[in-house]
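Residue numbers (the working numbering): 281 to 448.
Here it is, written out as C-alpha cells:
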C-alpha cells in the first residue's frame with residue numbers, strides 16, 4: 281500500500297504543477313527558469329513522446345489505463361523487492377498523471393523545455409515514468425545477476441570421477 285500511496289502523491293504533484301502552468305503561463309507562452317538551460321513552455325500534446333500517435337488520444341488513454349492496472353497488480357502481487365516496487369510506483373504515478381489529462385482534457389499538458397539540447401517539451405509525469413522505468417530495469421538486471429550467481433555458488437558440485445585404468 282505504501283507504494284500506491286507514493287504513486288498517488290507523485291500523480292498529485294504532477295497534476296498540481298500542470299494546474300499551476302495552465303493558470304500562470306498562456307498557451308504557447310514561455311517562462312525562462314535557468315537561462316540557456318531550462319524554461320517552461322505551456323503546450324498541449326495530444327500524442328505521446330515526440331507527439332507520436334497524436335490523432336489517437338483514446339488509444340493512448342486505453343493503453344495507459346491497462347498499464348496502470350498492470351502496475352498496480354505488480355506492486356501488490358509481484359515478487360519484487362521494495363526498490364523495484366518503488367520504481368514501478370514512479371511509473372504508475374506518471375502514467376496516471378498523464379491518463380487524467382487524456383481522459384479529462386483530451387490532451388496532456390507539457391511544459392518542461394530543456395534549452396541546452398534540442399528535445400521535446402515534456403512534463404513531470406513523463407520524468408517520473410522515465411526515471412522509474414530506467415531504475416526498474418537496472419534493479420531487475422542487478423537482481424537477476426545476483427540470483428544467477430547465487431544459484432551457481434549454491435548448486436552441489438558434481439563429484440569428479442577420474443576412474444582408474446579399468447574404467448572403474
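Here a beta-carbon is modelled for each residue, glycine too, at the ideal position from N, C-alpha and C.
Only a predicted model underlies this, so the values are computations on that prediction, with no experimental measurement involved.
Using a Cβ distance threshold of 8 angstroms, residue 323 and residue 375 do not count as a contacting pair.
For residue 320, the secondary structure class from DSSP, reduced to helix, strand or coil, is strand. Assignment of residue 414 by DSSP, reduced to helix, strand and coil, places it in the helix class. Straight through space, the alpha carbons of residue 398 and residue 315 are spaced by roughly 15 angstroms. In the three-state scheme derived from DSSP, where H, G and I count as helix and E and B as strand, residue 366 is classed as helix.
Residue pairing of residue 378 in beta bridges, as defined by DSSP: absent, with no partner found. When the beta-carbon positions are compared, residue 320 and residue 392 come within less than 8 angstroms of each other. Around the CB of residue 371, 16 or more other CB atoms lie within 10 Å, so the residue is classed as buried. Comparing C-alpha distances from residue 349 to each of 326, 373, 412, 394 shows the shortest one belongs to 373. Taken through DSSP and simplified to helix, strand or coil, residue 301 comes out as helix. Under the criterion of beta carbons closer than 8 angstroms, residue 351 and residue 360 do not qualify as touching, at roughly 11 angstroms.
For residue 360, there is no enclosing beta strand (DSSP E), as DSSP gives it neither H nor E.
Bridge pairing for residue 312: 319 [DSSP].
Looking at the DSSP output, residue 392 sits in a beta bridge with 320, 402. With distances taken between CA atoms, residue 415 lies nearest to 362 out of 362, 303, 284.
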